[in-house]
Amino acid sequence: MNEQLRYTLGALALGQLVSLCGSAGGFACSLLAYKGVDTPITLCLLIYILLALVYGGVLLYRGQKLRVRWYWYILLAFINVEGNYLTVKAYQYTSITSVSLLSCWAIPWVMILTRFFMKTRYTTWQFIGAVTCIIGLVLTLLSDMSTSDSGGSKPILGDALVVVGTIFNAASNVGEEFCVKKRDRVEVVAMLGVFGALISAIQLVILERKELESLDWSYTIILLFLGVGLSAFGLYTFMSFVLKMSGATYLNLSVLTSGMWAVLIRIFFYHHVVEWLYYVAFGLVVVGLTIYSIYTGKEKAILNNINENDSLGSIPYTQLNPERAIET
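Per the working numbering, residue 295 is the first one in the sequence shown, and the count goes up by one each step.
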């Protein structure tokens, strides 16, 4: 198995693990909303606490100093918290189908931001792969309309929250992509958890304290909270690998299949029948992701060959002074 094939298969597998975790978390959020639980900040706080405990513990064990200034992590965590808050809050007003559809708005935002800030250039085939994925998403939603939930109590408000949330999520993904590629993956996830927990805790006291105090806790609600937290923990873990390998655009394309995983989850729990269009849609998204990852892998191989043949490649590697934190 050559390197490019291993890269393509690895990117596809990791992307689908991210999508599956996101779908499971979204399903748990929709069930909480159905039960009248309106505590999106509390859910976010749980997610960030899990990240801080696990990845923060690894970072402390390493004993290394931060490679990125702490205030950049605060900004990145704030953007991430607000993106998650708006998306989770949207489940109170609109359907899971609408959330899945409108979440694809993150793709153009990510492509614009990576082009502007990271100077990423996309080939024609990568654009074709992205469009193929989006067509697959549309077909998925069409096949799911007969079994999807209702439009929600305030669908326009919910849809607006999702669209605004995609802007925050896109900015967060691009910032995370830069950090995990240029700095340290574990440090990024750990600091996202630490500062995300602090920001969420402050926001909870201001906006959500009364809702949390009046919540009628039960074993089902507790299990759903844990389901959201563990799903999101897996999502952030696998997401950091995808961002390092393939970037924020590929990550958001992979998440398009979350609607398909949501259908499978409903089949498993509610024994719904899947229409034939679903299988066509799934195939289109997989084809689109394969096209995108193949040409991303080719670009990486070209860059590796250039670096290996470059005369500067003979210059020995010099480790930077760990006492100096990176400014940018």
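Glycine residues also receive a C-beta, built at the ideal position from the N, C-alpha and C atoms.
From the options, residue whose alpha carbon lies closest to that of residue i
{"i": "residue 519", "options": "323, 562, 305", "result": "323"}
{"i": "residue 405", "options": "489, 359, 546, 583", "result": "546"}
{"i": "residue 537", "options": "510, 459, 483", "result": "483"}
{"i": "residue 488", "options": "531, 308, 407, 351", "result": "351"}
{"i": "residue 481", "options": "430, 426, 360, 584", "result": "360"}
{"i": "residue 318", "options": "570, 533, 511, 528", "result": "528"}
{"i": "residue 534", "options": "510, 381, 476", "result": "476"}
{"i": "residue 493", "options": "364, 368, 577", "result": "368"}
{"i": "residue 381", "options": "396, 503, 417", "result": "396"}
{"i": "residue 502", "options": "456, 379, 304, 320", "result": "379"}
{"i": "residue 509", "options": "542, 309, 463, 336", "result": "336"}
{"i": "residue 411", "options": "521, 542, 575", "result": "542"}
{"i": "residue 386", "options": "428, 456, 524", "result": "456"}
{"i": "residue 331", "options": "585, 549, 504", "result": "504"}
{"i": "residue 315", "options": "418, 552, 575, 472", "result": "552"}
Helix, strand or coil at residue i [DSSP, three-state]
{"i": "residue 488", "result": "helix"}
{"i": "residue 308", "result": "helix"}
{"i": "residue 362", "result": "strand"}
{"i": "residue 502", "result": "coil"}
{"i": "residue 383", "result": "helix"}
{"i": "residue 314", "result": "helix"}
{"i": "residue 329", "result": "coil"}
{"i": "residue 302", "result": "helix"}
{"i": "residue 426", "result": "helix"}
The alpha helix (DSSP H) enclosing residue i, as first and last residue numbers
{"i": "residue 469", "result": "449-476"}
{"i": "residue 511", "result": "Where residue 511 is concerned, there is no enclosing alpha helix (DSSP H), given that its DSSP letter is neither H nor E."}
{"i": "residue 417", "result": "First-last for residue 417: undefined, no H or E at that position."}
{"i": "residue 548", "result": "542-549"}
{"i": "residue 348", "result": "334-356"}
{"i": "residue 404", "result": "400-411"}
Local Cβ density within 10 Å of residue i, reported as buried at 16 or more and exposed below that
{"i": "residue 450", "result": "exposed"}
{"i": "residue 601", "result": "Annotation note: pLDDT 43 at residue 601 (below 50); position unreliable, coordinate value reported separately. Exposed is the call here."}
{"i": "residue 307", "result": "exposed"}
{"i": "residue 408", "result": "buried"}
{"i": "residue 358", "result": "exposed"}
{"i": "residue 555", "result": "buried"}
{"i": "residue 403", "result": "buried"}
{"i": "residue 587", "result": "buried"}
{"i": "residue 362", "result": "buried"}
{"i": "residue 376", "result": "buried"}
beta-carbon residue i near the ligand MG non-hydrogen atom, thresh 7 Å
{"i": "residue 516", "result": "Looking for the ligand MG in the displayed structure turns up nothing, as the structure carries no ligands at all."}
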